[in-house]
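Taking it in order: structure first as structure tokens, then the write-up.
Numbering (my numbering), first residue to last: 401 to 590.
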């Protein structure tokens, strides 16, 4: 079949249109991705780490206080990366708050980091779900990038020396969080 000039023009003009439709169709069937390209982790899984040093980050809590991560308090630290638009994050928030209340007198701190999120949405989320521990808004995702976050929710457990000792992706139930904290804190705090 031989194409004339008009046929070639139609063929060449249709290629970008077909590519656009293919891209749009792919967008409708791709896996569940947050609005910024983060994967929403629907299932809990432990990621292997070997006492990895975590980066030192300057940040500001939503109340305006500044801090450096990891905290230099001689305490364990659980960092929870989440976003207000993430359904598993919203579902686990009350459980994290409950466990925080149970463990707040022990040598462990909780910090929530809302990534690629709107400050007002984060403040509303914290207020409505009554999150008692400090929260940081990572508007441009810089902290998440520095920590190597691939999806949300993700939890990083850091020992008093500042080393990453455990990492979990996906929503965590209260029992699992208690088990992880008990393991880290040791028998003196059970």
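Glycine is no exception: its CB is placed at the ideal position from the N, C-alpha and C atoms.
7 Å Cβ cutoff met for residue i and residue j
{"i": "residue 564", "j": "residue 454", "result": "yes"}
{"i": "residue 444", "j": "residue 457", "result": "no"}
{"i": "residue 587", "j": "residue 474", "result": "no"}
{"i": "residue 581", "j": "residue 511", "result": "no"}
{"i": "residue 515", "j": "residue 483", "result": "yes"}
{"i": "residue 487", "j": "residue 571", "result": "no"}
{"i": "residue 462", "j": "residue 549", "result": "no"}
Whole-angstrom distance between residue j and residue i, CA atom to CA atom
{"i": "residue 404", "j": "residue 553", "result": "57 Å"}
{"i": "residue 493", "j": "residue 518", "result": "17 Å"}
{"i": "residue 436", "j": "residue 541", "result": "Annotation note: pLDDT 46 at residue 436 (below 50); position unreliable, no value reported."}
{"i": "residue 528", "j": "residue 522", "result": "10 Å"}
{"i": "residue 605", "j": "residue 477", "result": "In this structure the chain extends from 401 to 590, so residue 605 is not present and cannot be described."}
{"i": "residue 466", "j": "residue 460", "result": "4 Å"}
{"i": "residue 567", "j": "residue 406", "result": "60 Å"}
{"i": "residue 547", "j": "residue 442", "result": "20 Å"}
{"i": "residue 558", "j": "residue 525", "result": "25 Å"}
{"i": "residue 583", "j": "residue 537", "result": "29 Å"}
{"i": "residue 450", "j": "residue 503", "result": "25 Å"}
{"i": "residue 464", "j": "residue 409", "result": "60 Å"}
{"i": "residue 589", "j": "residue 513", "result": "26 Å"}
{"i": "residue 472", "j": "residue 569", "result": "25 Å"}
{"i": "residue 432", "j": "residue 490", "result": "For residue 432, the pLDDT reaches just 41, beneath the cut-off of 50, and the residue's location in the model is therefore unreliable, leaving the point undetermined."}
{"i": "residue 585", "j": "residue 539", "result": "32 Å"}
{"i": "residue 533", "j": "residue 575", "result": "19 Å"}
Whole-number beta carbon distance between residue j and residue i, since they are thought to touch under 8 Å
{"i": "residue 479", "j": "residue 556", "result": "4 Å"}
{"i": "residue 497", "j": "residue 531", "result": "6 Å"}
Would you list, in sequence order, the uninterrupted beta strand (DSSP E) runs of no fewer than 3 residues that lie entirely inside the stretch 436-512?
-> The stretch 436-512 contains, as complete beta strand (DSSP E) runs of 3+ residues, the segments 445-447, 457-460, 466-469, 476-482 (chain order).
Enumerated in chain order, which unbroken segments of the beta strand (DSSP E) with a length of 3 residues or greater are wholly contained in the stretch 525-564?
-> Complete beta strand (DSSP E) runs here, min 3: 535-538, 554-558.
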